[in-house]
Each structure stands twice: as structure tokens, then as C-alpha cells.
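Novice: Using this note's numbering, the first residue of the sequence shown is number 94, and each one after it goes up by one.
Even for Gly, the Cβ is constructed at its ideal location relative to N, Cα and C.
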Amino acid sequence: MMLGGASLLGCGSEQEATQPAKASAQPATSGKVKGSHVLVAYFSWGGNTRRRAQKVQELTGADMFEIKPAKPYPTKYEPTTKVAKTEREENARPEVASRVSNMEGYDTILLGYPIWWHDTPKLIDTFLESYELSGKKIAPFCTSGGSPLEESLPTLEQLDKQATLLPGLTANDMDSIEPWLRQLSLV
Ligand SMILES: Cc1cc2nc3c(=O)[nH]c(=O)nc-3n(C[C@H](O)[C@H](O)[C@H](O)COP(=O)(O)O)c2cc1C
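1. If you follow the alpha helix (DSSP H) that lysine 215 is part of, which residue opens it and which one closes it?
2. Inspect the beta-carbon positions of proline 214 and phenylalanine 136 and report whether they are closer than 8 Å.
3. Is histidine 130 near ligand 1, in the sense that its beta carbon is under 7 Å from a heavy atom of that ligand?
4. Between the Cα of asparagine 195 and those of Lys254, Asp156 and Ser278, spot the shortest distance and give me the residue it belongs to.
5. Around the Cβ of serine 278, are there at least 16 other Cβ atoms within 10 angstroms (buried) or fewer (exposed)?
6. What's the C-alpha gap between isoleucine 270 and alanine 177?
7. How long is the line joining the alpha carbons of glutamine 251 and tyrosine 224, rounded to whole angstroms?
8. Just verifying my parser: in three-state terms, what is the DSSP assignment at leucine 270?
9. Note the first and the last residue of the continuous alpha helix (DSSP H) segment covering alanine 256.
10. In chain order, what are the residue ranges of uninterrupted beta strand (DSSP E) at least 3 long that sit wholly in the stretch 167-217?
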């Protein structure tokens, strides 16, 4: 498997609090983007996905929520791959540190995550299972060391059959983000 360690260089334990200030504090009318109420929810261990999420947020004006683990992952790459592998083998549901307080106010979720072991990080599984998402639209985007988003789609489809999956994006190329948002009619 390709782990794409190089793309994590310089990222390390970066976990600054891009707090869900808007997402948790605002009423259900927040995150309005072209008639939709849009939330950018993302998990990022090393910062790559966070940078894409920030660009998505800047381009759309959507609200933003960082999916953080209650128990932080190791700061070093190899130990993190081991923890993630165990979580995957055990089909674990690691606890998420905080909740989106007004999830019912959003109809579209732009969901970002790194590909871990050719799939979603298990934290994403926990996140999706924590909410009533029926009727909502979910547009996933990922970063990776080369794996395409498609590797994680079976998991997303299985996790929430009530939500509609919109076209997603392997967002390794920053320049691919705006065309994708155009395709979704969000810019
Ligand atoms: C635990 C772990 C597992 C990974 N598994 C894969 C993988 O299966 N395929 C891949 O292309 N990249 C893999 N990577 C690389 C990351 O997907 C890639 O570096 C991503 O951009 C990291 O995003 P982040 O900086 O937001 O955490 C893995 C990285 C980690 C830490």
C-alpha cells in the first residue's frame, strides 16, 4: 500500500483548534450557500485535509467543523499507522471530541478526511453514525498519498443509506477544488 508519508512532512502533530465556533454556535440558518445550508466537516491528522477544508470554506462561505478524536492520535507517522490499522481491523468507533450542535440545520455536508488504509479513518465512521442524516446530502473529499476517494466510498455508502452521496473529490490537487464546487453548484 502507498502511505504517502512524504506529504505529511512538516505536519506532525499539528492539531490547532479550528474550533467549530460557527457550526456549534450559530442557529440553523447558518452556512447558507446558494440556497443550501452547508457544513464543511473534516478530520485531518497532519494538516493536508485541513488546508483543503479551509479552501472549501473560503470558496463557499459554509460553516466549518473539525472532527477531532477525543483521544488524540500519536504525533508520529508510524505509530499512527499502527493505531489506525488496529482500529480498522477491529472495526472500532473511536470517540469524537465534540458534536455539531445544530446538525439538523444543515442539508449538505462537505465531508473531508485523509484516506487511511484505503478507506475512511474510523473516526469518520463514528462521526457519521452520531447523527440523524436521512435526507441530507454528503459530498466527500479526501487527501491521500495516491489512493483515490473511491476506495472509501463503499464504507460511506454502507454507513448512511438514508443520506444521498453527491460526487466527491480526491482533493490532492488544490486546483481541483473550485471546479468540484462548481459541479456541485456551491460556487
Ligand atoms: C494511518 C495512515 C494511513 C494511511 N493510508 C493511506 C492509504 O491507504 N493510501 C494513501 O494513498 N495514503 C495513505 N495515507 C496517507 C494520507 O492519506 C495522506 O498523507 C493524507 O494527505 C493525510 O492527510 P492529513 O494531513 O489531513 O492527515 C495514510 C496516512 C496515515 C497516517
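Specialist: Judging by the given coordinates:
1. Within the sequence shown, the letter at position 122 stands for residue 215. Unbroken alpha helix (DSSP H) run through lysine 215: 215-222.
2. On the sequence shown, residue 214 is found 121 positions in, with the first residue counted as 1. On the sequence shown, residue 136 is found 43 positions in, with the first residue counted as 1. Cβ distance < 8 Å, so proline 214 and phenylalanine 136 count as in contact.
3. The residue you call residue 130 lines up with position 37 of the sequence shown. It does not: the Cβ of histidine 130 is nowhere closer than 7 Å to a heavy atom of ligand 1.
4. Residue 195 sits at position 102 when you count from the first residue of the sequence shown. The shortest Cα separation from asparagine 195 among Lys254, Asp156 and Ser278 belongs to Asp156.
5. Sequence index remark: in the sequence shown, residue 278 carries index 185 (1-based). Result: exposed.
6. For the purposes of this step, residue 270 is identified with residue 177 of the sequence shown, where counting begins at 1. For the purposes of this step, residue 177 is identified with residue 84 of the sequence shown, where counting begins at 1. In a straight line, the C-alpha of isoleucine 270 is about 27 Å away from that of alanine 177.
7. Your numbering for residue 251 matches position 158 in the sequence shown. Your numbering for residue 224 matches position 131 in the sequence shown. Roughly 15 Å between the two C-alpha positions.
8. Taking the sequence shown and counting its residues from 1, one reaches residue 270 at position 177. Before going further, note that residue 270 is isoleucine rather than leucine in the sequence given. Residue state, collapsed to three classes: helix.
9. Working through the sequence shown from its first residue, we reach residue 256 at position 163. Neither: alanine 256 is in no alpha helix (DSSP H) and is coded neither H nor E.
10. Listed in chain order, they are 201-207.
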